[in-house]
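Numbering (my numbering), first residue to last: 1 to 145.
Heads up, the beta-carbon is just placed ideally off N, CA and C, and yes, glycines get one too.
Computed from a predicted structure; not experimentally measured.
Note sheet for the following structure.
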Amino acid sequence: MEILVSNLQDKIKLSRKWVKDIASRILKKAGADGELSIVLVDNRYIRRLNRKYRHKDRVTDVLSFPLVKRGQATFSKKAGYKKRGRSYFSDTSSLLGDVVISVERARAQAKEYGHSLNEEIFILIRHGILHLLGYTHRQMENIPV
1 MEILVSNLQD
11 KIKLSRKWVK
21 DIASRILKKA
31 GADGELSIVL
41 VDNRYIRRLN
51 RKYRHKDRVT
61 DVLSFPLVKR
71 GQATFSKKAG
81 YKKRGRSYFS
91 DTSSLLGDVV
101 ISVERARAQA
111 KEYGHSLNEE
121 IFILIRHGIL
131 HLLGYTHRQM
141 ENIPV
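Structure below.
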């Protein structure tokens, strides 16, 4: 399992090690093994991404960019992603994709919902990773990760 954490914002301090540890625990609890990156950004950066890739000109809290399109592959812990019955990747580790989180937006939401920034970041990491694993919003409600 390889997790790369990049912090491209300087407004709010967050430990990259803590973010990596949280992501690792979420993947393990989901029964998944794979490589992913988590990118911590500010509102301006995530708004640009949201506009470019989702055609929504507004700030959002988290974006997920899976490397395998939904419906083209299924996740298998034993063999990684599989496509048409054969292994999509050569080993048990899969390239899952990227999760981008606006730390500014997370701070505002934490205040709005009455919990800590760390709790909100945890929620957003979980949300982003579950999207990379192919879960929809409806399915996420029933996942005990």
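| Item | Value |
| --- | --- |
| Would you mind giving the Cβ-Cβ distance between GLY97 and PHE65, rounded to the nearest angstrom? I have them listed as a contact below 8 Å. | 5 Å |
| Nearest-angstrom Cα distance between SER116 and ALA110? | 6 Å |
| For the region 40-51 against the region 3-11, do three or more pairs of beta-carbon atoms, one drawn from each stretch, fall closer than 8 Å, so that the two count as touching? | yes |
| Starting from VAL59, follow the beta strand (DSSP E) in both directions and report where the run begins and ends. | Neither: VAL59 is in no beta strand (DSSP E) and is coded neither H nor E. |
| Assuming ALA32 contacts LEU133 (C-beta within less than 8 Å), just tell me the rounded distance between them. | 6 Å |
| Going by C-alpha distance, which of LEU124, GLU35 and LEU67 is nearest VAL100? | LEU124 |
| Tell me the rounded alpha-carbon separation between ASP61 and LYS29. | 23 Å |
| Rounded to the nearest angstrom, what separates ILE129 and ARG25 at their Cα positions? | 11 Å |
| Whole angstroms are fine: how far does the CA of LEU49 sit from the CA of LEU27? | 25 Å |
| For ILE38, does the three-state DSSP call read helix, strand or coil? | strand |
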